[in-house]
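Engineer: Would you mind keeping the following structure in view while I ask a few things?
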Amino acid sequence: MNFQLLHLPQKPLLDVLRCLENPELIAISMLSSKCRETVKSLNFSLKKFIVTVNRNMSIYMVDSVDSRWRLSVSGIEMSGFRLNELRVITIEASNNWKFEEIEIRKWIENLMNIYHCREITSIDFERTDLGELEDEYYLNLVRHALEGIKVSTLNLKKPMNPDGIAGKYAQNALELFSKRAKYLSLCCNPYQGDDRIKIQKVLMQNFNGIWSLGPFTIDDILVTNSRTLRLTRSNTGVKDLNRFIKHWMAGSNPRLRFFSVCQKEAEAETLLPKLLNGIPHITIKKRRLYKTIVMGGEIVNVHNDRAIKIRRKDGREATILYITNPHDVFILYMFIR
503 MNFQLLHLPQ
513 KPLLDVLRCL
523 ENPELIAISM
533 LSSKCRETVK
543 SLNFSLKKFI
553 VTVNRNMSIY
563 MVDSVDSRWR
573 LSVSGIEMSG
583 FRLNELRVIT
593 IEASNNWKFE
603 EIEIRKWIEN
613 LMNIYHCREI
623 TSIDFERTDL
633 GELEDEYYLN
643 LVRHALEGIK
653 VSTLNLKKPM
663 NPDGIAGKYA
673 QNALELFSKR
683 AKYLSLCCNP
693 YQGDDRIKIQ
703 KVLMQNFNGI
713 WSLGPFTIDD
723 ILVTNSRTLR
733 LTRSNTGVKD
743 LNRFIKHWMA
753 GSNPRLRFFS
763 VCQKEAEAET
773 LLPKLLNGIP
783 HITIKKRRLY
793 KTIVMGGEIV
803 NVHNDRAIKI
813 RRKDGREATI
823 LYITNPHDVF
833 ILYMFIR
């Protein structure tokens, strides 16, 4: 590119810049502080800014008109975390960029600055026990690159054996980022089965939402301080859920506004009386739609013909839906007002 372009008057310069692709704008913004401010003045924005950590670190971006591209970090100098190479992947092409070294934290800040991005949409850890990875180095890289930046969702995306390398990796990720995240998504419980205290310390934090595929006990649920909690393949049967509902009615989980759990249990379609045993309630038989917002804007919609109304001691009301399928799987939804 002929950089005399940058000496054009402001209006024609901005008109030309608007015709460029996002990767080209990023490259121009890195030339100088004036270039950065010029690109920023285009007022482009992002729908998503997702950082993925696996065998390297990459950033997936989606702008306001749904253009998508990924920047894969490579060529990192071990000391000082200085970046000198990127792999830029768009729908149309893939290219390698090489440039003079730039400190990776400054590069991340530059990206977020020019797109008016105030927080990272998601940090996705995809580590497994397959293959080799310099775990300590990459965790230090991510810590250095993202320290202090707001995070919407921390996402542990792959099942991680607590006894393996990946389990320790996931534990470190939780320690690094869980206190900065609004939402937590867990494909597993990365701690040992008998080490409940560590995962419960995480669950006690003031998340806006938690989703988990890993096993939770009733004691884990009772210490959870999130506004929404969704569990899949939990270890909580109907007897445990009866206990949870009674504790909630007595005052536990004060921030909770939505709870759901999916579980397999023999003869699930016959277990509703067991779920409600000893619980004052009203049954309403009327088909209607129930919905709520969870996990950063995702909407849960549930149609059902029967609802159970309960009330806790502080006057707050909840609606329980109990749905079964022919495979002895039940789903319990709890909408709280």
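My numbering numbers the first residue of the sequence shown as 503 and each following residue consecutively.
C-beta atoms are modelled at their ideal positions from N, C-alpha and C, and glycine is treated no differently.
Report buried or exposed for D807, applying the criterion of at least 16 other Cβ atoms within 10 angstroms of its Cβ.
Structural biologist: With fewer than 16 other Cβ atoms within 10 Å, it is exposed.
Engineer: Please report the distance separating the alpha-carbon of V555 from that of R729.
Structural biologist: Whole-angstrom Cα-Cα distance: 27 Å.
Engineer: Taking C-alpha atoms, which residue in I781, P775 and V553 lies nearest to N657?
Structural biologist: Checking every option, the nearest Cα to that of N657 belongs to V553.
Engineer: So the beta strand (DSSP E) N586 belongs to, where does it begin and stop?
Structural biologist: Unbroken beta strand (DSSP E) run through N586: R584 to T592.
Engineer: Between the alpha carbons of I528 and I593, how many angstroms are there, rounded?
Structural biologist: For I528 and I593, the distance between alpha carbons rounds to 17 Å.
Engineer: Considering only their Cβ atoms, is the gap separating K811 from T826 smaller than 8 Å?
Structural biologist: No, they are not a contact pair.
Engineer: In the DSSP output, which residue or residues are listed as bridge partners for W609?
Structural biologist: Its beta-bridge partners do not exist; DSSP assigns none.
Engineer: With burial defined as no fewer than 16 other Cβ atoms inside 10 Å of the residue's Cβ, what is the status of I801: buried or exposed?
Structural biologist: Exposed, since its Cβ has fewer than 16 Cβ neighbours within 10 Å.
Engineer: Can you have a look at M706 and say buried or exposed, based on whether 16 or more other CB atoms are within 10 angstroms of its CB?
Structural biologist: Flag for M706 reads exposed.
Engineer: Note down, in chain order, each residue of its chain lying with its Cβ closer than 7 Å to the Cβ of Q512, except the 5 sequence neighbours on either side.
Structural biologist: Same-chain partners within the cutoff: there are none.
Engineer: Out of T734, L778 and L613, which has the shortest C-alpha to C-alpha gap to I833?
Structural biologist: If we check each option's Cα against that of I833, T734 comes out closest.
Engineer: Whole angstroms is fine: what's the gap from V725's alpha carbon to I838's?
Structural biologist: Each residue's alpha carbon lies about 17 Å from the other.
Engineer: What are the boundary residues of the alpha helix (DSSP H) that E732 is part of?
Structural biologist: First, the amino acid is wrong: residue 732 is Arg here, not Glu. Careful: R732 lies outside any alpha helix (DSSP H), inside the beta strand (DSSP E) at T730 to T734.
Engineer: Roughly how many whole angstroms lie between the Cα atoms of I712 and R682?
Structural biologist: Using only the alpha carbons, I get a separation of about 14 Å.
Engineer: Using the Cα positions of N710 and I720, report the straight-line distance between them to the nearest angstrom.
Structural biologist: Spanning the two alpha carbons is a distance of roughly 20 Å.
Engineer: Going by DSSP, name the residue or residues bridged to K513.
Structural biologist: In DSSP, K513 forms no bridge with anything.
Engineer: I'd like the span of the alpha helix (DSSP H) that includes N524, first residue to last.
Structural biologist: N524 to S531 is the span of the alpha helix (DSSP H), which, as asked, contains N524.
Engineer: Pick helix, strand or coil for K700, following the three-state DSSP scheme.
Structural biologist: Note: K700 maps to helix in three-state DSSP.
Engineer: Going by DSSP, what residue range makes up the alpha helix (DSSP H) through M751?
Structural biologist: Segment V740 to A752, the alpha helix (DSSP H) holding M751.
Engineer: Output the distance between the C-alpha atoms of L773 and V740, rounded to the nearest integer angstrom.
Structural biologist: Cα to Cα, the separation comes out at about 7 Å.
Engineer: Would you tell me roughly how many angstroms separate the C-alpha atoms of E634 and L676, rounded to the nearest one?
Structural biologist: Reliability of the predicted coordinates at E634 is poor, the pLDDT of 49 falling under 50, and the value obtained from them is presented with this limitation in mind. The straight-line gap from Cα to Cα measures roughly 21 Å.
Engineer: Between the stretch 763-779 and the stretch 787-794, do at least 3 Cβ pairs fall closer than 8 Å?
Structural biologist: Touching, no.
Engineer: Within 10 angstroms of its Cβ, does V796 collect 16 or more other Cβ (buried), or is it exposed?
Structural biologist: The residue in question, V796, is buried, as its Cβ has 16 or more Cβ neighbours within 10 Å.
Engineer: Per DSSP, what kind of secondary structure is F546 in: helix, strand or coil?
Structural biologist: Looking at F546 - three-state DSSP - the assignment turns out to be coil, as it is neither helix nor strand.
Engineer: Just how far apart, CA to CA, sit I699 and N524?
Structural biologist: Cα-Cα distance, rounded: 46 Å.
Engineer: So, helix, strand or coil for L758, using DSSP?
Structural biologist: Of the three classes helix, strand and coil, the one that applies to L758 here is coil, per DSSP.
Engineer: For a test of the three-state rule: what should DSSP assign to S654, helix, strand or coil?
Structural biologist: Here S654 sits in strand by DSSP.
Engineer: Alpha carbon to alpha carbon, how far is E526 from E819? Give it in angstroms, no decimals.
Structural biologist: Near 54 Å, if we compare the C-alpha coordinates of E526 and E819.
Engineer: Taking the DSSP output, what are the residues bridged to M836?
Structural biologist: F761 and I822.
Engineer: Quick check: the Cα distance between G817 and W750, rounded to an integer number of angstroms?
Structural biologist: Near 12 Å, if we compare the C-alpha coordinates of W750 and G817.
Engineer: Excluding the 5 residues preceding and the 5 following V653 in the sequence, name in chain order all residues of the same chain whose CB lies nearer than 8 Å to its CB.
Structural biologist: So the list reads E621, I622, S624, I625, F679, R682, A683 and K684, once near-sequence residues are dropped.
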